[in-house]
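Just so we're aligned: the sequence shown equals residues 0 to 522 in numbering that gives the first Met the number 0.
Where a beta carbon is used, it is the ideal one built from N, C-alpha and C, also for glycine.
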Amino acid sequence: MQINPVHVESAVVLVVVLCVHMAVWNQHSWCSIALIIQAFYVQHKWDRLLRSGGAVFQFRPSANSGIVPGSMVMPLLGLVLKEKCSASGNVYFERFSMVITITGMMLALFLSLIALGITRPVPTNTCVIAGLAGSAILYTTKQTLTVSEVIEVLEVLLIFVYLSLIVLYLLPRCFTPGEALLIVGGISFIVNQLIKRSLNLAEVKGDPVNYFLPVVVVGSLLLGVFFALLFCFMESETWVSSLFFHMMTAVLGLGILMPWLSLFIGRHPIMWLLDFLTLNDRRLCLLGYWVFLAVVATCVVLHQNYRRQSGSKKHQASTVVRKYFHLIVVATYVPGLIYDRQLLHVASVGCLAVFLFLEYVRYFRIRPLGQLLRQLLTLFLDERDSGPLILTHIYLLLGMSLPIWLFPGPCAPKGILPSAGGLVPYAGVLAVGVGDTVASVFGSTMGEIRWPGTKKTMEGTATSVFAQIIAVAVFLIFDGSINLNSTYSWIVGSITLVAMLEAYTSQIDNLFLPLYLFILLLL
Numbered sequence: 000m001q002i003n004p005v006h007v008e009s010a011v012v013l014v015v016v017l018c019v020h021m022a023v024w025n026q027h028s029w030c031s032i033a034l035i036i037q038a039f040y041v042q043h044k045w046d047r048l049l050r051s052g053g054a055v056f057q058f059r060p061s062a063n064s065g066i067v068p069g070s071m072v073m074p075l076l077g078l079v080l081k082e083k084c085s086a087s088g089n090v091y092f093e094r095f096s097m098v099i100t101i102t103g104m105m106l107a108l109f110l111s112l113i114a115l116g117i118t119r120p121v122p123t124n125t126c127v128i129a130g131l132a133g134s135a136i137l138y139t140t141k142q143t144l145t146v147s148e149v150i151e152v153l154e155v156l157l158i159f160v161y162l163s164l165i166v167l168y169l170l171p172r173c174f175t176p177g178e179a180l181l182i183v184g185g186i187s188f189i190v191n192q193l194i195k196r197s198l199n200l201a202e203v204k205g206d207p208v209n210y211f212l213p214v215v216v217v218g219s220l221l222l223g224v225f226f227a228l229l230f231c232f233m234e235s236e237t238w239v240s241s242l243f244f245h246m247m248t249a250v251l252g253l254g255i256l257m258p259w260l261s262l263f264i265g266r267h268p269i270m271w272l273l274d275f276l277t278l279n280d281r282r283l284c285l286l287g288y289w290v291f292l293a294v295v296a297t298c299v300v301l302h303q304n305y306r307r308q309s310g311s312k313k314h315q316a317s318t319v320v321r322k323y324f325h326l327i328v329v330a331t332y333v334p335g336l337i338y339d340r341q342l343l344h345v346a347s348v349g350c351l352a353v354f355l356f357l358e359y360v361r362y363f364r365i366r367p368l369g370q371l372l373r374q375l376l377t378l379f380l381d382e383r384d385s386g387p388l389i390l391t392h393i394y395l396l397l398g399m400s401l402p403i404w405l406f407p408g409p410c411a412p413k414g415i416l417p418s419a420g421g422l423v424p425y426a427g428v429l430a431v432g433v434g435d436t437v438a439s440v441f442g443s444t445m446g447e448i449r450w451p452g453t454k455k456t457m458e459g460t461a462t463s464v465f466a467q468i469i470a471v472a473v474f475l476i477f478d479g480s481i482n483l484n485s486t487y488s489w490i491v492g493s494i495t496l497v498a499m500l501e502a503y504t505s506q507i508d509n510l511f512l513p514l515y516l517f518i519l520l521l522l
């Protein structure tokens, strides 16, 4: 009997949901079970719409809709964060985590309604299941959230609707529905939180480091949407357009984002950043080391392009060559995680800003670097870069950085979580930097036995699990803040579960795997 990879992918996500439910066991965890059941039925409708070309927007081909894994990330993330904040007695972040959970569920229900609304004939059974799940979630929302929190959820939903229309129209074939739900939903939540905090500056508190990411995300979004709409009506490759692009970028950064950020941190951002980076000699050494690795990565890109020019024009970088960048990123993140996580947080946000800016330059063909970047990066394209944007390297950065950005510092005693929680910041390094890299290299070079229904091999998955276990042992030696106690079996089980998800998912593994490992380790 032929095994459907989509069913195995959904089964793995269901196991994760049940693990969270058993650990949390409240109204929201029961709603998460209802949500995944309706998402499983709706996913079949989305897959049929994608195959028939009736999905309104153009989504990424050669992949399923990804509704099940995409729908569950935000609700599960909110559930586990709420549990940690409740245990530490932090009421503010406990309520905030509940908002994350309900917001994720509402966004998933909205995407389900779209699929059911455009499916013909109307799928009666699926509508009934989605209606029951939606009723349970709405009832739980009424029982657990205050009026102001419900309004906050509706604000995120409204931003998500308009942002989805803009992004999916301007960027066809870049996302699956599940990826769009996670990415656009996350951006919508960040935008709403930044606006909310800007209107209540008297209540702004916390580490200044945490405000860099929201400002960068909103600034990048404004820049991208503005020029995407503008260049629909004018040529972007001329020197005049390029000069206007650079001038407006400077105006946005220096005239809007810098003053905006200074409202949150109470100082001029550049002066604060200089003091932050030069706080001690260790930070200067880390910065120098990261600059060296950036030079090495640039040399790899130039060397591979030189080989293409001197050899076949159809030469494409192999899987092994692309994984060089994973190793470079691991070498970048591990010292930062061990010695200075705050510096790594700020540096990764700065790197995201640079990556997004360079992608805009490449996409719009902004002079003088636009055409050069197109030539250099084309070599490293894979089947997932089927749209106008090249997002693989940005997904790699996000996968490594999200566990650091999402780490519940206010809910962790002295910045450290007990047991398996000590590995939470390493979730990206384990799942993407080590696990995905080893699985790809060993699977493509020595793998012979394939998982039913996929191109992935059992040898690749097995070596991935072993490599991550070895990495955990290495982290235990060098990072004294990690104390696993007796949670070794849970860690091995979590790693194995995420490795199975990597073997069967057709979604962006650099984005989904770290988040699911983050959720499991945080339990």
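**Item:** Residues bridged to residue 47 [DSSP beta-bridge criterion]
**Value:** Within the sequence shown, numbered from 1, the residue matching residue 47 stands at position 48. Note: residue 47 sits in no beta bridge, so no partner.
**Request:** Check whether the Cβ atoms of residue 67 and residue 518 sit closer than 9 Å, and answer yes or no.
**Result:** For the purposes of this step, residue 67 is identified with residue 68 of the sequence shown, where counting begins at 1. For the purposes of this step, residue 518 is identified with residue 519 of the sequence shown, where counting begins at 1. No.
**Prompt:** Is the CB-CB distance between residue 332 and residue 420 below 9 Å?
**Reply:** As a first step, residue 332 is located in the sequence shown; it is residue number 333 there, counting from the start. As a first step, residue 420 is located in the sequence shown; it is residue number 421 there, counting from the start. No, the Cβ-Cβ distance between residue 332 and residue 420 is not below 9 Å.
**Asked** Nearest to residue 490 by CA position, among 516, 173, 31 and 371, is which residue?
**Response** Here residue 490 refers to the residue found at position 491 when the sequence shown is read from its first residue. Minimum Cα distance to residue 490 is reached at 516.
**Request:** Below 7 Å CB to CB, which residues in the same chain sit around residue 222 once its five sequence neighbours on both sides are set aside?
**Result:** Residue mapping note: residue 222 aligns to position 223 of the sequence shown, counting from 1. Around residue 222: 248, 251 and 359.
**Message:** I'd like the ranges of any beta strand (DSSP E) spanning at least 3 consecutive residues and lying wholly in the stretch 403-456.
**Reply:** Positions of the beta strand (DSSP E) runs, each at least 3 residues long and wholly inside the stretch 403-456, cannot be given because no such run exists.
**Request:** Verify whether the separation of the beta carbon atoms of residue 426 and residue 87 is less than 9 Å.
**Result:** Here residue 426 corresponds to residue number 427 of the sequence shown, with the count starting at 1. Here residue 87 corresponds to residue number 88 of the sequence shown, with the count starting at 1. No, these two residues do not count as a Cβ contact at 9 Å.
**Range covered by the alpha helix (DSSP H) that runs through residue 120** = Position 121 of the sequence shown, counted from the start, is the residue given in the question as residue 120. Element bounds for residue 120: n/a, residue is neither H nor E.
**Prompt:** Between residue 268 and residue 260, which are expected to be in contact by the criterion C-beta below 8 Å, what is the C-beta distance as a whole number of angstroms?
**Reply:** Within the sequence shown, the letter at position 269 stands for residue 268. Within the sequence shown, the letter at position 261 stands for residue 260. Contact holds; Cβ gap of about 5 Å.
**Request:** Measure the alpha-carbon distance for residue 391 versus residue 384 and round it to whole angstroms.
**Result:** As a working mapping, residue 391 is identified with position 392 in the sequence shown. As a working mapping, residue 384 is identified with position 385 in the sequence shown. Distance between the alpha carbons of residue 391 and residue 384: 7 Å.
**Request:** In the DSSP assignment, find the unbroken alpha helix (DSSP H) run with residue 12 in it and report its ends.
**Result:** Sequence index remark: in the sequence shown, residue 12 carries index 13 (1-based). 4-23 is the extent of the alpha helix (DSSP H) around residue 12.
**Request:** May I have the straight-line CA-CA distance separating residue 265 from residue 343, to the nearest angstrom?
**Result:** Working through the sequence shown from its first residue, we reach residue 265 at position 266. Working through the sequence shown from its first residue, we reach residue 343 at position 344. Roughly 22 Å between the two C-alpha positions.
**Item:** Cα-Cα separation, residue 176 to residue 143
**Value:** To locate residue 176, count along the sequence shown from 1; it is residue 177. To locate residue 143, count along the sequence shown from 1; it is residue 144. C-alpha separation (whole angstroms): 29 Å.
**Request:** For residue 328, I'd like the list of residues in its chain whose CB is within less than 7 Å of its CB, leaving aside the five on either flank, ordered along the chain.
**Result:** Sequence index remark: in the sequence shown, residue 328 carries index 329 (1-based). Answer for residue 328: 395, 399 and 432, listed in chain order.
**Message:** Rounded to the nearest angstrom, what separates residue 501 and residue 3 at their Cα positions?
**Reply:** As a position in the sequence shown, residue 501 is number 502, starting the count at 1. As a position in the sequence shown, residue 3 is number 4, starting the count at 1. About 15 Å.
**Item:** Helix, strand or coil at residue 368 [DSSP, three-state]
**Value:** Translated into the one-based positions of the sequence shown, residue 368 becomes position 369. DSSP places residue 368 in coil when its eight states are reduced to three.
**Prompt:** Cα-Cα, which of 270, 239 and 522 is closest to residue 418?
**Reply:** Start at 1 with the first residue of the sequence shown, and residue 418 comes out as number 419. Cα-wise, what sits closest to residue 418 is 522.
**Buried versus exposed call for residue 325 [16 or more other C-beta atoms within 10 Å across all chains shown]** = Translated into positions along the sequence shown, residue 325 becomes position 326. The residue in question, residue 325, is buried, as its Cβ has 16 or more Cβ neighbours within 10 Å.
**Message:** Quick check: the stretch 343-355 against the stretch 200-219, are at least 3 beta-carbon pairs closer than 8 Å?
**Reply:** yes
**Prompt:** residue 52: buried (16+ other C-beta within 10 angstroms of its C-beta) or exposed?
**Reply:** The residue given as residue 52 occupies position 53 in the sequence shown. Residue 52 is exposed by the Cβ-count criterion.
**Item:** Given 8 Å, three or more beta-carbon pairs between the stretch 19-29 and the stretch 40-52
**Value:** no
**Message:** Would residue 106 and residue 167 qualify as a contact pair, given that the criterion is a beta-carbon distance under 9 Å?
**Reply:** Here residue 106 is taken as the residue at index 107 of the sequence shown, counted from 1. Here residue 167 is taken as the residue at index 168 of the sequence shown, counted from 1. Not in contact: residue 106 and residue 167 (Cβ atoms no closer than 9 Å).
**Request:** Can you grab the Cα-Cα spacing for the pair residue 442 / residue 229, in whole Å?
**Result:** Locating residue 442 in the sequence shown gives position 443, counting from the first residue. Locating residue 229 in the sequence shown gives position 230, counting from the first residue. Residue 442 and residue 229: Cα-Cα distance of roughly 45 Å.
**Asked** Are residue 117 and residue 48 touching if we call contact CB-CB under 9 Å?
**Response** Walking along the sequence shown from the start, residue 117 turns up at place 118. Walking along the sequence shown from the start, residue 48 turns up at place 49. In terms of Cβ geometry, residue 117 and residue 48 form a close pair [threshold 9 Å].
**Item:** Opening and closing residue of the alpha helix (DSSP H) in which residue 81 lies
**Value:** The count along the sequence shown starts at 1 and reaches residue 81 at position 82. Unbroken alpha helix (DSSP H) run through residue 81: 66-87.
**Asked** Would you call residue 472 buried or exposed, if buried means 16 or more other Cβ atoms sit within 10 Å of its Cβ?
**Response** Within the sequence shown, residue 472 is the residue found at index 473, counting from 1. Result: exposed.
**Prompt:** Taking three-plus beta-carbon pairs below 8 Å as touching, is the stretch 74-90 in contact with the stretch 402-410?
**Reply:** Yes: the two stretches touch, three or more of their Cβ pairs being nearer than 8 Å.
**Through-space distance from residue 72 to residue 65, alpha-carbon basis** = Residue mapping note: residue 65 aligns to position 66 of the sequence shown, counting from 1. Residue mapping note: residue 72 aligns to position 73 of the sequence shown, counting from 1. Computed Cα separation, rounded: 12 Å.
**Message:** So, does the stretch 150-165 touch the stretch 364-376, judging by three or more C-beta pairs under 8 Å?
**Reply:** no
**Prompt:** By how many angstroms is the C-alpha of residue 210 removed from the C-alpha of residue 198?
**Reply:** Locating residue 198 in the sequence shown gives position 199, counting from the first residue. Locating residue 210 in the sequence shown gives position 211, counting from the first residue. Residue 198 and residue 210 have their alpha carbons spaced roughly 15 Å apart.
**Request:** In the DSSP assignment, find the unbroken alpha helix (DSSP H) run with residue 363 in it and report its ends.
**Result:** The sequence position of residue 363 within the sequence shown is 364, counting from 1. It spans 340-363 - the alpha helix (DSSP H) in which residue 363 sits, taken as one unbroken run.
**Burial state of residue 81 (16 or more Cβ within 10 Å)** = Residue numbering aside, residue 81 sits at position 82 when the sequence shown is read from its first letter. Residue 81 comes out buried.
**Prompt:** Relative to the alpha-carbon of residue 440, which residue among 458, 485 and 424 has its alpha-carbon at the smallest distance?
**Reply:** Position 441 of the sequence shown, counted from the first residue, corresponds to residue 440. It is 458 whose Cα lies nearest to the Cα of residue 440.
**Item:** Extent of the continuous alpha helix (DSSP H) to which residue 196 belongs
**Value:** By one-based count along the sequence shown, residue 196 stands at place 197. Where residue 196 is concerned, the enclosing alpha helix (DSSP H) starts and stops at 176-198.
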